[in-house]
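Presented below is the structure to which this report refers.
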Amino acid sequence: MEGGSGQGLSNGLSRAARAVWAKHDRDSEGWLPLWRHMADSGAVAGLLWDGWLPAQVRRLVEQALPAGAEDARRLAVWAAMTHDIGKATPAFACQVDSLAETMRAAGLGMPFYKEFPDRRLAPHGLAGMLLLREWLIERHGWAKPAALQLAIVAGGHHGVPPTHLDIQQVTRRPELLRSPECAQSWRDVQWELLDWCAEECGVQKRLPHWRSVKLPQQAQVLLTGLVIVADWIASNSDLFPYFPDAQKVGEHERVSAAWRALDLPKPWRAIPPSIEDIFSARFSLPSGAQPRPVQRRAVEIAQAMSRPGLLLIEAPMGEGKTEAALAVTEVFAARSEAGGCYVALPTMATGNAMFPRLLSWLGRMFEGREGRQAVHLAHSKAALNEQYVELVRAGRRAVRGVEIDGAPSEWRPRADRRAASTELIAHQWLRGRKKAMLAEFGVGTIDQLLFMGLKSRHLALRHLALAGKVVVIDEAHAYDTYMNAYLDRVLSWLGAYGVPVVVLSATLPARRRRELAEAYSGATTLAEIESASGYPLITAVERDRPPVIEAVPGSGRDIDVHLERLDDDLPTLTERLRRELADGGCALVIRNTVDRVLETADHLRGSFENVLVAHSRFLDLDRLNKDATLLRLFGPPGTAKQRPTAPYIVVASQVAEQSLDIDFDLLVSDLCPIDLLLQRMGRLHRHQRGEGQSERPERLRTARCLVTGADWAASPVEPVAGSRRVYGLYPLLRAAAVLEPYLSGTAPTGNVVRLPHDISPLVQRAYGPEPVGPEQWQDALARAREAHELQRSKQHQKAQDFQINPVGKPGSALIGWLDAGVGDADDTRKGRAQVRDTPESLEVLVVQRRADGALITVPWLSDGRGGLELPTESVPEPRLARIVAACGLRLPYQFSDPETLDRAIQELETQCIPAWQSEDSHWLAGELILVLDENCRTRLAGYDLHYSEADGLRVAHAE
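The opening residue of the sequence shown carries number 0 in numbering that gives the first Met the number 0; numbering runs sequentially from there.
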């Protein structure tokens with residue numbers, strides 16, 4: 000089938016076969032016969048295969064079949080065409096009385112719907128799988144396992160492949176597939192339709208050659224994903240109208256008009272410039288500037304690999320790892336024929352920060368090329384990102400498919416625009432939780448990648464989306480044992496798909512480097528990767544080949560950071576800051592908990608005029624404004640237009656560790672794991688400000704980090720309770736142990752940590768197996784390690800509960816692949832909780848009630864968004880609703896206790912505004928609303944809450 004067979008497609012089918020129905024519209028009473036939907040689905044699959052699916056994906060199917068590309072296309076079209084054969088069964092057909100009656104009149108008897116309670120045991124996907132298996136075995140002499148590996152595609156096209164129990168329940172009830180009184184008639188029609196599909200697709204003569212094929216599980220997943228996409232497109236009645244309208248147009252016109260109207264972007268075809276100018280062409284290097292050594296070598300090593308694989312880049316903060324990764328992405332994509340890329344980051348904030356950088360890279364890469372490319376910001380609050388919203392507007396075009404324009408026989412696409420040059424859009428059809436990752440280019444949270452390892456409905460779509468891309472994983476050190484268990488499973492599948500992967504980190508433990516490489520390659524003997532030394536370090540891994548490990552010279556951007564202990568009491572901190580900032584300057588104080596942030600800021604405000612707070616307990620809009628303020632005041636030269644000259648202190652939580660390019664003269668940090676402390680040091684003297692830092696206050700021209708948040712007099716040191724709760728005791732003690740020589744001045748460099756020279760040695764010592772720290776600490780460290788390893792083991796075991804299995808042997812069907820999964824999880828609170836081992840949290844939308852009782856948006860919002868009155872008897876207009884939706888707030892850990900969480904939900908539900916729960920309320924339906932009084936206070940589940948624009952949310956036990 001080459002996109003359609005013209006008029007009279009069903010002429011060879013019997014009356015009974017033509018009577019079988021597939022789609023029905025209860026409102027219009029329109030319907031679609033099964034043969035018509037089969038033809039539509041097969042035609043769409045052929046078009047997707049030829050013009051949308053990346054070659055990197057097609058190749059995985061082609062390699063498994065004797066005639067390669069030709070066989071693979073036939074198989075894809077045939078799988079799509081036959082996927083709904085299970086609708087030719089009594090269990091399905093009885094659902095619409097009028098259509099069932101027509102089938103009865105054609106000799107296909109069946110019970111009435113209300114008299115058929117067991118019909119739910121045979122959903123049409125499962126029924127179709129069993130019919131296909133039977134047809135291949137009985138009509139074509141296939142062995143059962145060989146038949147099942149192809150039939151499973153039909154079985155899984157509604158999101159979840161059947162289990163062995165599902166199969167047993169149907170095989171014990173043959174009446175679900177064929178009514179006993181006319182079983183032969185049903186069998187004849189089912190086989191007639193399958194014979195017809197095989198003939199139309201050119202598969203009939205190929206089946207004998209496929210009997211011995213062992214189709215890899217990867218290919219089974221990808222074919223399932225492709226069939227789901229084809230089915231969803233062919234099921235869109237705007238694109239493919241139902242009868243009787245569908246009878247007014249021939250097959251070719253029907254399919255081609257729908258395809259033009261859908262207007263899916265074509266896959267990316269990477270054409271990287273030469274290494275000599277790739278960085279200047281993509282990233283605006285100053286005239287005459289050369290790429291840094293780690294950037295150049297990353298590209299050269301990627302070019303030298305026999306085939307794209309896994310490339311790990313370990314290099315200091317600010318060394319240009321992101322630019323190196325994007326350049327390598329172009330190299331890998333050109334060689335593997337990937338159709339796009341996805342950049343995964345730890346948080347929404349880091350994803351938002353990366354998004355404009357991705358757009359800039361894409362804009363330069365596609366400059367002068369015609370066409371369009373779909374771009375996706377992949378996290379749950381993407382709709383609140385203004386840059387992404389602009390792309391959505393660019394791609395918003397109603398998918399109305401086709402319309403009668405002129406004579407009834409003239410079907411034309413409603414729109415057929417062609418871009419003069421490449422346009423970046425968020426394509427209208429490629430949106431939503433399940434389809435969005437199919438966009439060619441994406442940036443977002445690591446969750447979206449980890450979901451690839453989570454047993455969830457329609458998982459095949461996510462695999463199809465990622466199997467055709469290059470994947471970039473940034474901040475690889477930022478994930479705990481639980482998330483790493485998912486990441487390792489995902490990497491094993493990416494490796495099996497042959498997906499090129501680039502991993503970035505400034506502070507990656509050697510053991511973790513080896514785990515990543517072994518997960519991707521499937522090898523278990525890569526000890527040389529763990530024992531490798533040097534920094535920056537590039538590691539290249541291919542399946543079935545020895546790794547390449549190379550230490551690379553640094554760029555020469557060296558910083559000497561003087562380390563010093565600071566007692567953990569606020570008067571001491573205040574007095575020290577008063578001395579250090581006597582002549583002005585900007586200090587960053589990072590605390591490990593929000594409560595400590597607020598307590599510290601309150602105290603410092605008694606002595607300093609300029610104290611700014613940054614943490615995670617702000618409304619979404621306030622958080623964005625806070626980030627913008629930080630960049631305006633403390634960003635790089637040229638960006639920071641208003642860098643303060645008077646003393647200025649930012650007190651922040653971990654939000655200051657990453658994503659923001661901010662630069663301070665002095666750093667004070669709570670004791671934290673060593674890799675995170677080094678990340679925090681990356682915010683200290685991050686940029687050159689005058690020769691010899693001469694533009695900084697004189698006493699702050701030496702980079703200095705004061706480490707606090709611990710009782711330094713204890714043996715071993717005793718981190719504060721909040722830090723132990725966040726990080727656990729063992730990583731904190733190991734960090735303190737490796738820092739002790741610097742803090743005491745006994746290190747070879749005294750109290751100076753040399754960046755980047757000391758980054759890797761410190762990280763490897765802190766996370767390595769060797770004892771560290773004074774002798775008198777060892778018993779306490781051993782006890783802490785035992786508790787830490789027990790917790791890691793529990794996390795790893797817990798992560799197995801909803802994780803997909805490793806890739807199975809070729810030829811083994813995906814029966815039960817998603818058994819006992821989490822259902823439709825994906826990017827929901829439930830889904831995120833599955834791939835992050837964090838207590839369930841509660842998110843609310845915050846509004847205020849004035850003294851007169853009116854409900855308003857919080858009054859301090861800028862751009863005319865604050866203090867707007869909100870209707871309570873009707874759905875707010877879209878602009879108002881979007882403002883409220885942008886005032887999301889995640890409640891803190893106090894509300895993670897199950898009892899408190901349940902109580903809070905109950906109390907919030909009593910404040911529900913019924914009109915806002917309407918189906919028409921896209922932004923607000925299903926959301927919990929937290930109403931502040933005129934003083935921005937409220938009480939919830941036994942806690943007093945107070946919110947302010949300056950400090951965010953404060954929580955205290957109600958008296």
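Positions of the beta carbon are idealized from the N, C-alpha and C atoms, including for glycine. Remember, it's a predicted structure, so these values are computed and weren't measured experimentally.
Query: Is it buried or exposed for ASN934, if we count other Cβ within 10 angstroms and need 16 for buried?; Result: exposed
Query: Assign CYS585 to one of three DSSP states: helix, strand, or coil.; Result: strand
Query: Pull up the distance between the alpha-carbon of PHE111 and that of ASP83, whole angstroms please.; Result: 21 angstroms
Query: Are the beta-carbon atoms belonging to TYR766 and ALA505 less than 9 angstroms from one another?; Result: no
Query: Counting beta carbon pairs with one atom in the segment 908-922 and one in the segment 649-664, are three or more of them shorter than 8 angstroms?; Result: no
Query: CA-CA distance, GLU948 and ILE882?; Result: 16 angstroms
Query: Quick check: what's the CA-CA separation for ARG356 versus ARG733?; Result: 36 angstroms
Query: As a quick exercise: from ALA332, PRO545 and ALA550, pick the residue whose alpha carbon is nearest that of PRO535.; Result: ALA550
Query: Roughly how many whole angstroms lie between the Cα atoms of GLN910 and ALA71?; Result: 57 angstroms
Query: To the nearest angstrom, how far is it from the Cα of ASP257 to the Cα of HIS684?; Result: According to the sequence displayed, residue 257 carries Ala and not Asp. C-alpha separation (whole angstroms): 57 angstroms.
Query: Kindly indicate the opening and closing residues of the alpha helix (DSSP H) around PHE282.; Result: 277-282
Query: Would you list the residues sitting across from VAL845 in a DSSP beta bridge?; Result: LEU929
Query: Ignore the nearest five residues each way along the sequence and tell me which others in ALA382's own chain have a CB closer than 6 angstroms to its CB.; Result: none
Query: Between ALA21, HIS23 and GLU299, which lies nearest to VAL330 when the distance is taken from Cα to Cα?; Result: GLU299
Query: Spatial neighbours of GLN203 within its chain, please: CB distance less than 8 angstroms, with the 5 preceding and 5 following residues excluded, ordered by chain position.; Result: ASP194 and ALA197
Query: Rank THR346, LEU98 and PHE450 by C-alpha distance to the C-alpha of GLY820 and give the top, closest one.; Result: PHE450
Query: Contact check, HIS426 vs ALA438 under 8 angstroms by CB: the rounded distance?; Result: 6 angstroms
Query: What are the partner residues of GLU563, as DSSP defines its beta bridges?; Result: LEU705
Query: At which residues does the beta strand (DSSP E) containing ASP943 begin and terminate?; Result: 942-947
Query: Just verifying my parser: in three-state terms, what is the DSSP assignment at ALA459?; Result: helix
Query: Measure the C-alpha to C-alpha separation of GLU527 and ARG512 and round it to an integer number of angstroms.; Result: 11 angstroms
Query: Would you report the Cα separation of PRO643 and ASN609, rounded to the nearest angstrom?; Result: 10 angstroms
Query: DSSP state of LEU263, grouped into three classes?; Result: coil
Query: With three or more beta-carbon pairs closer than 8 angstroms as the criterion, would you say the segment 576-592 touches the segment 663-675?; Result: yes
Query: Would you please verify whether the beta carbon of ALA526 is less than 9 angstroms from any beta carbon of chain B?; Result: Annotation note: the requested chain B is absent from the structure, which comprises a single protein chain.
Query: Is the separation between the beta-carbon of VAL807 and that of GLN216 shorter than 9 angstroms?; Result: According to the sequence shown, residue 807 is Gly rather than Val. Yes, they are a contact pair.
Query: Mapping the DSSP letters down to three states, classify ARG356 as helix, strand or coil.; Result: helix
Query: If you follow the beta strand (DSSP E) that GLU549 is in, where does it begin and where does it stop?; Result: 547-550
Query: Just to confirm before moving on: does the CB-CB distance between ASP619 and GLY887 stay below 9 angstroms?; Result: yes
Query: Let's see if you can read the secondary structure: which residues bound the beta strand (DSSP E) around SER668?; Result: 665-669
Query: Quick check for students: name the residue ranges of the beta strand (DSSP E) that lie wholly in the segment 330-382, counting only runs of 3 or more.; Result: 339-344 and 371-377
Query: For the beta strand (DSSP E) holding LYS468, just list the boundary residues, first then last.; Result: 468-472
Query: What is the residue span of the alpha helix (DSSP H) that LYS22 lies within?; Result: It is not in any alpha helix (DSSP H) - LYS22 instead sits in the beta strand (DSSP E) that spans 20-23.
Query: Name the DSSP beta bridge partners of TRP30, please?; Result: HIS23 and PHE242
Query: Could you compute how far the alpha carbon of LEU580 sits from the alpha carbon of ARG281?; Result: 40 angstroms
Query: Give me, in chain order, the residues of the same chain whose beta-carbon lies closer than 7 angstroms to that of ALA885; leave out the 5 immediate sequence neighbours on both sides.; Result: LEU383, ASP619 and LEU620
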